[in-house]
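Line by line, the protein sequences give chains P and S.
Every letter in the first sequence is one number past the one before it in the working numbering, and letter 81, counting from 1, is 81.
Just add 1000 to the spot in the second sequence (first one is 1) and you have the working numbering.
Heads up: the structure comes next, in structure tokens.
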Amino acid sequence: MKTTLLFAATLMAGAAFMAEPAKADGHAPVCGLNTGTAATGDPIKVGGINGNAPPGDFSGGTDGAAAYFDCVNANGGVNGRPIEYIVENDQWNPELAGQVATKLVKDENVVALVGNGSVVEMAVNAPLYASEDVMVMASGCAISECYESSHIVSTNQGPLPSGIGALKFAIEELGATNAACIGFNIPNNGGWACDWMNEYMESKGLQGTSILMDPTAVDLNSVYLQALAEGVDTILLMLPAGPAIGLLKVAEEQGGRDLFKWVSPTPLYEPGVGEILGEYWSENLYINIELNEFDSEGADNQNWAKVVEAYGQDGDRQDTFSQSGYISAKFFVDALLKLDPATIDRPTVTKAIQGIVGAESDLLCKPYYVGEADRHMPNHAGRMVVFKDGGFELVRDCYDIDTNYLDPIRAQEAALGLK
Amino acid sequence: MQLLTHKSTLVGLVALLLAVILLPMFAGALWVKVLTSAAIFALAASGVSLVYAQLGLINLAQIALIGIGGWIALRLNYGTALPVTLIVLGSGILTGLIGALFALPALRMRGLYLALVTLMVAALFQIMFNAFQFPNGGEGFWGVAQKSAASIRRPAFAETDEAYFRYVLIALGLSFALIGLHKAGRPGRAWAMTRQSEANAMAAGINVTFYKLWAFALSGLLAGIAGALLAGALGQLDARSFLAGEGILLFALAVVGGAFSWLGAVFAGLLYKLLPALFNDWGLSADIALIIFGGALMHAIMTAPHGIAGQILGAFNKEKSDD
Chain P
1 MKTTLLFAAT
11 LMAGAAFMAE
21 PAKADGHAPV
31 CGLNTGTAAT
41 GDPIKVGGIN
51 GNAPPGDFSG
61 GTDGAAAYFD
71 CVNANGGVNG
81 RPIEYIVEND
91 QWNPELAGQV
101 ATKLVKDENV
111 VALVGNGSVV
121 EMAVNAPLYA
131 SEDVMVMASG
141 CAISECYESS
151 HIVSTNQGPL
161 PSGIGALKFA
171 IEELGATNAA
181 CIGFNIPNNG
191 GWACDWMNEY
201 MESKGLQGTS
211 ILMDPTAVDL
221 NSVYLQALAE
231 GVDTILLMLP
241 AGPAIGLLKV
251 AEEQGGRDLF
261 KWVSPTPLYE
271 PGVGEILGEY
281 WSENLYINIE
291 LNEFDSEGAD
301 NQNWAKVVEA
311 YGQDGDRQDT
321 FSQSGYISAK
331 FFVDALLKLD
341 PATIDRPTVT
351 KAIQGIVGAE
361 SDLLCKPYYV
371 GEADRHMPNH
381 AGRMVVFKDG
391 GFELVRDCYD
401 IDTNYLDPIR
411 AQEAALGLK
Chain S
1001 MQLLTHKSTL
1011 VGLVALLLAV
1021 ILLPMFAGAL
1031 WVKVLTSAAI
1041 FALAASGVSL
1051 VYAQLGLINL
1061 AQIALIGIGG
1071 WIALRLNYGT
1081 ALPVTLIVLG
1091 SGILTGLIGA
1101 LFALPALRMR
1111 GLYLALVTLM
1121 VAALFQIMFN
1131 AFQFPNGGEG
1141 FWGVAQKSAA
1151 SIRRPAFAET
1161 DEAYFRYVLI
1171 ALGLSFALIG
1181 LHKAGRPGRA
1191 WAMTRQSEAN
1201 AMAAGINVTF
1211 YKLWAFALSG
1221 LLAGIAGALL
1231 AGALGQLDAR
1241 SFLAGEGILL
1251 FALAVVGGAF
1261 SWLGAVFAGL
1271 LYKLLPALFN
1281 DWGLSADIAL
1291 IIFGGALMHA
1301 IMTAPHGIAG
1311 QILGAFNKEK
1321 SDD
């Protein structure tokens, strides 16, 4: 009961404490044509779908994209045409996910979708996007369909590369030899990512175990006890922030911090997390981050901070997904600016997005690309931070991962002339 | 009574024909999808209503049976090359058998106790769905691979959402006809007598156990067909869609809609799927629908035991007699 209450409290606290982006330096944000005049032409309809319901809020991507589109609209739009951004929430419900995507693609006739973040919608809608030839520049992906579909390309890494990145660090720097991957029992999410975790550990001659739990009845105590029983030395928290924090609190209650090396993919990288976890976890929790640090000095990160400050809405999430949504929207607008505004429709936009190759940003470790392929994973190199004194400190800068999963991706990159 | 039934059937047929022809033409793509879901759950609700209206028994496990039907349909979809319509029928029949099997030990109970047993069955399947997941094209009996799901077939003549909606509507119409035939035939008479007095029914030579099981099997058949159709509509199934609590909601809406006529099942499906979608489309929380459902259930229990359908049909009949 105590753990349940604690878990609920951490979830509420997680919702209350939003990440703080780097402080804007006083200059106005730079967006699109940056003319300083509002666009008044015929709107270009763009869609976005997020999943915002228990057990996770994936709305940061659409929040970041919406802020950037508003900024673009206030600065000349896409050669005079404003972007009408229509955002829907799938509420983690596959049926609703199918309905809202159908509405956007068939009824609203959007030219593309940008900033999508969800654990269900890509699985339901990947065939629709392919059959309707509409591209999705997602920003908060967490399931296999997001990375194994012809018409979805995500700027965030998702659990597989980010989790393997965390494990790679744990093996090389912390001496991990036997890891438990704790995730949700969803075949294309926890099951998929943890399976590849185990394959990665085996490829290194080490041991890996999956501990998958029911997302509708999360029992963190029993999951923790199972990890203890498995005799592992490392725990990889392949979970959204809420349940991951809950599990850390269970471990704290039971004095389990020093029994394991604790690593996590990106979801735990939120400034609000520091205030919830407290001093107990300082220098004992390592997190792989898929995009750059919130306070990094790069031009895109600084501009993201200014854009969300100037054009974001109250309650917007300002997390990694928000960075991802912002940069997805920027790449999208950059691609559209090369088109004749009078010819912008779904076929030309799809072609323009597929034509993006080698787009660079300080938010990413390597150039972003799309291309025409049956799968996409342009972002698979990240950074590692340690949770320290309520904040985060970089412990390893950009590094890539080595897993067989990336073989077809590396072949694409070679074909596109990218290393 | 026979005339009324006859008229009701005619009205139903005309409504079905109009829906099949006109709705896909004029409803937007979103509403075609929503109405497809509503029709599928109307089909499932008709099974709940059948058991409740004919025998006075409460079945809260219908949502679990829809899940079972969906599971079987997915397994057959990935494991065989059977035509989709055959898969839908097969899923319905197997689910009907499973429904009857689970009903067997529960038949000595009535009222609250039976309701609790069916709720526990729903909870059992909720856990099983989460533990074993739905087939996604993997190997082995469970057919689950830790990867993206393979595609789910639809009938060749119903590949598009609009055509699939028509396919579901026809399945709904046939299911209503099947229920109507049962009500008008020997099972209907046996159910009616059993509902009045089991002792009298037995004294009259009716095999009460058999006909009760038959009702549960028929209800299971409808749930299984609904599950198979749902798999085709969504392109995948997710364990989180078959929570035990949804079974209570579906039963409540079957009562609100009206358990005694096909129209009630249609209202149940519309309330269950269309109302939340409307709120969602208006930018309001879909949970508002739950508040409305609660109020509607109280209204139905206190003043309209035959539900919305009963009130509409009652008003229509009154108007006729006034004339």
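Glycine is no exception: its CB is placed at the ideal position from the N, C-alpha and C atoms.
Check	Outcome
Which residues mark the beginning and the end of the beta strand (DSSP E) in which W262(P) is found?	K261 to S264
Going along the chain, which residues of its own chain have a beta-carbon closer than 6 Å to the beta-carbon of G56(P), five neighbours each way excluded?	P240
From what residue to what residue does the alpha helix (DSSP H) around N221(P) run?	L220 to E230
Mind checking M213(P): buried by the 16 CB within 10 Å criterion, or exposed?	buried
Assuming G47(P) and F321(P) form a contact by the criterion Cβ under 8 Å, report the distance between their Cβ atoms to the nearest whole angstrom.	About 17 Å separates the two Cβ atoms, so there is no contact after all.
Kindly indicate the opening and closing residues of the beta strand (DSSP E) around Y85(P).	I83 to N89
Taking all protein chains shown into account, do 16 or more other C-beta atoms lie within 10 angstroms of the C-beta of Y1113(S), making it buried, or fewer, making it exposed?	exposed
Taking 8 Å as the CB-CB cut-off, is Q99(P) touching chain S?	yes
If you run the structure through DSSP and keep just helix, strand and coil, what is R1186(S)?	helix
Quick one: give me the first and last residue of the beta strand (DSSP E) that N93(P) is part of.	Segment: none, N93(P) is in no beta strand (DSSP E) and carries neither H nor E.
Going by C-alpha distance, which of L1119(S), K1147(S), M1128(S) and P1155(S) is nearest L1081(S)?	Inspection of the sequence shows that residue 1081(S) is occupied by Ala rather than by Leu. Ranking the options by Cα distance to A1081(S), first place goes to P1155(S).
Under the rule that 16 or more other beta-carbon atoms within 10 Å means buried, what is A1254(S), buried or exposed?	buried
For L285(P), does the three-state DSSP call read helix, strand or coil?	strand
Using a Cβ-Cβ cutoff of 7 Å, what residues of the stretch 1234–1256 of chain S are near chain P? List them in chain order.	L1234, G1235, Q1236, D1238, R1240, S1241 and L1243
Who are the Cβ neighbours of L1230(S) in its own chain at under 6 Å, not counting the five residues just before and after it?	I1040 and G1070
Report the residues of the stretch 1207–1218 of chain S with a CB closer than 9 Å to any CB of chain P, ordered along the chain.	none
Could you spell out where the alpha helix (DSSP H) holding T234(P) opens and where it closes?	T234(P) -> not in any alpha helix (DSSP H); beta strand (DSSP E) instead, spanning T234 to M238.
Which bits of chain P does A1145(S) rub up against, with CB to CB less than 8 Å?	P187
Between P21(P) and the rest of its own chain, which residues show a CB-CB distance below 7 Å, the 5 nearest in sequence each way excluded?	Residue confidence for P21(P) is low, a pLDDT of 49 falling below 50, so the modelled location carries little weight and cannot support an answer.
Does the structure place the stretch 1058–1069 of chain S close enough to the stretch 1193–1202 of chain S that three or more beta carbon pairs sit under 8 Å?	no
Can you check whether the CB of Y311(P) is closer than 8 Å to the CB of I289(P)?	no
Is DSSP giving H1306(S) helix, strand or coil here?	coil
Measuring CB atoms only, is the stretch 393–413 of chain P touching the stretch 184–200 of chain P, in the sense that at least three cross pairs come out at less than 8 Å?	yes
Are there 16 or more other CB atoms within 10 angstroms of the CB of G1111(S), so buried, or fewer, so exposed?	exposed
Does the stretch 67–84 of chain P touch the stretch 329–342 of chain P, meaning 3 or more C-beta pairs lie closer than 8 Å?	yes
What residues from chain P crowd round T1077(S), counting only those whose CB sits closer than 9 Å?	One detail in the question is off: residue 1077(S) reads as Asn in this sequence, not Thr. Correct list: empty, because the minimum Cβ distance to chain P is about 14 Å.
Nearest-angstrom Cα distance between A1184(S) and H1306(S)?	19 Å
For the putative contact between N75(P) and G41(P), defined by C-beta atoms under 8 Å, what is the C-beta separation to the nearest angstrom?	So it is not a contact: roughly 13 Å between Cβ atoms.
Are the C-beta atoms of V124(P) and some chain S residue less than 8 Å apart?	yes
In the DSSP assignment, find the alpha helix (DSSP H) that holds S1046(S) and state where it starts and stops.	A1029 to L1055
Within a Cβ cutoff of 8 Å, which residues of the same chain sit near V120(P), ignoring the five residues on either side of it in sequence?	G51, D90, W92, N93, P94, A97 and I143
Please state if the CB of F260(P) and the CB of I287(P) are separated by a distance shorter than 8 Å.	no
Between which two residues does the alpha helix (DSSP H) holding T62(P) run?	G60 to N73
Beta carbons nearer than 7 Å to chain P: which residues of the stretch 1024–1040 of chain S have them?	G1028, A1029, L1030, K1033, V1034 and S1037
Within 8 Å (strictly less), CB to CB, does Q1196(S) reach chain C?	Any reference to chain C falls outside this structure, whose protein chains are P and S.
Based on DSSP bridge pairs, tell me the residues matched to G117(P).	N50(P) and G140(P)
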